[in-house]
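Numbering (my numbering), first residue to last: 182 to 449.
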């Protein structure tokens with residue numbers, strides 16, 4: 182057994198019970214309910230163009246309008262955590278709207294529409310790049326500053342999208358541990374009211390089971406209460422793993438019909 186596996190299994194044995202839901206409670210509630218939760222994932226919103234990661238503002242507005250007209254109620258990841266702690270109930274048709282990378286265009290083009298339709302959202306921030314640009318893509322697109330983020334807290338909660346926006350599937354255990362520790366330190370030093378929720382960079386978790394559990398343990402030990410990935414499916418409630426919440430990506434090429442299908446069918 183290698184060092185990573187040994188370390189991971191030791192940590193998991195010590196702390197996994199602290200943040201896992203009671204399996205008996207999960208089985209009991211699952212047997213009584215077929216409730217699901219769809220979590221949508223966006224990146225950029227534009228008034229002029231679209232691509233895989235960029236929606237036209239008019240298309241985003243049409244999607245929000247459809248959700249509102251069909252009775253969907255947005256919740257935050259924090260509310261989902263409270264539900265799992267059995268301290269809150271969920272609406273009849275809950276849905277989560279999330280954005281990755283904290284592009285400034287989210288403030289310009291998405292925020293007004295969220296307010297218009299009475300919706301809330303979660304934006305995941307790569308904390309090393311607040312107020313900078315998306316250099317991980319060799320890009321020059323501006324990311325939100327803390328001053329901008331503070332203007333949005335009436336309808337947006339801000340979670341953490343790692344420190345340096347590196348793909349955890351390609352990193353060693355030590356590199357992941359360093360990134361999570363740096364993210365936690367940066368959040369603490371910022372004084373900004375981040376929510377203790379996390380989204381994996383590039384939406385992926387390590388394939389090695391022991392390393393995957395090690396990452397979840399690290400997140401828990403640094404105070405994160407849940408974590409989201411990209412998997413293209415809805416989530417059955419209650420969640421069996423708060424550190425692998427599945428999200429469905431919304432593309433700038435999706436028609437409204439495609440969007441509706443993703444929401445209704447719970448899969449990409």
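All C-beta atoms in this analysis are idealised placements derived from N, C-alpha and C, irrespective of residue type, glycine included.
Under 8 Å, with one C-beta from each stretch per pair, do the region 260-273 and the region 235-247 reach the 3-pair mark? Not touching, per the Cβ criterion.
Name the DSSP bridge partner or partners of residue 280? Position 99 of the chain shown, counted from the start, is the residue given in the question as residue 280. Bridge pairing for residue 280: 223, 304 [DSSP].
Cα separation between residue 207 and residue 380? One-based indexing of the chain shown puts residue 207 at position 26. One-based indexing of the chain shown puts residue 380 at position 199. Unreliable placement is indicated for residue 207, whose pLDDT of 46 sits below 50; no coordinate value is reported for it.
My assumption, with CB atoms under 8 Å, is that residue 382 sits in contact with residue 432. Please give the rounded CB distance. Position 201 of the chain shown, counting from 1, holds the residue named residue 382. Position 251 of the chain shown, counting from 1, holds the residue named residue 432. Contact doesn't hold; Cβ gap of about 19 Å is too wide.
Quick check: the Cα distance between residue 211 and residue 416, rounded to an integer number of angstroms? Locating residue 211 in the chain shown gives position 30, counting from the first residue. Locating residue 416 in the chain shown gives position 235, counting from the first residue. Any reading at residue 211 needs caution, since the residue's pLDDT is 46, under 50, leaving its predicted position unreliable; the model's value is listed next. Using only the alpha carbons, I get a separation of about 12 Å.
For residue 301, which of 320, 316, 258, 325 has the nearest alpha-carbon? Residue mapping note: residue 301 aligns to position 120 of the chain shown, counting from 1. Checking every option, the nearest Cα to that of residue 301 belongs to 258.
Distance, residue 387 Cα to residue 393 Cα: On the chain shown, position 212 is the one that residue 393 refers to. On the chain shown, position 206 is the one that residue 387 refers to. Computed Cα separation, rounded: 5 Å.
By a C-beta neighbour count over all protein chains shown, 10 Å radius and 16 as the cutoff for buried, is residue 435 buried or exposed? By 1-based counting over the chain shown, the position of residue 435 is 254. It counts as buried.
Which partner residues does residue 339 have in the DSSP bridge list? Reading the chain shown from its first residue, position 158 is the one you call residue 339. According to DSSP, residue 339 bridges with 304.
Between which residues of its own chain and residue 281 is the CB-CB distance below 7 Å, once the five residues before and five after are set aside? Sequence index remark: in the chain shown, residue 281 carries index 100 (1-based). Excluding sequence neighbours, residue 281 sits near 222, 224, 305, 342, 380.
So which of 428, 274, 408, 430 has the shortest CA-CA distance to residue 422? Taking the first residue of the chain shown as position 1, residue 422 is located at position 241. If we check each option's Cα against that of residue 422, 408 comes out closest.
Quick check: the region 304-323 against the region 367-379, are there 3 or more CB pairs under 8 Å? The answer is yes - the region 367-379 touches the region 304-323, with three or more Cβ pairs under 8 Å.
Give me the Cα-Cα distance between residue 373 and residue 317, rounded to the nearest whole angstrom. Here residue 373 refers to the residue found at position 192 when the chain shown is read from its first residue. Here residue 317 refers to the residue found at position 136 when the chain shown is read from its first residue. Taking the straight line from one Cα to the other gives about 23 Å.
Report yes or no: do three or more beta-carbon pairs, one from the region 396-407 and one from the region 325-337, lie closer than 8 Å? Touching, no, given that fewer than three Cβ pairs across the two stretches are closer than 8 Å.
Starting from the Cα of residue 352, find the closest Cα among 389, 260, 272, 290 and give me that residue. Position 171 of the chain shown, counted from the start, is the residue given in the question as residue 352. Nearest Cα to residue 352 within the set 389, 260, 272, 290: 389.
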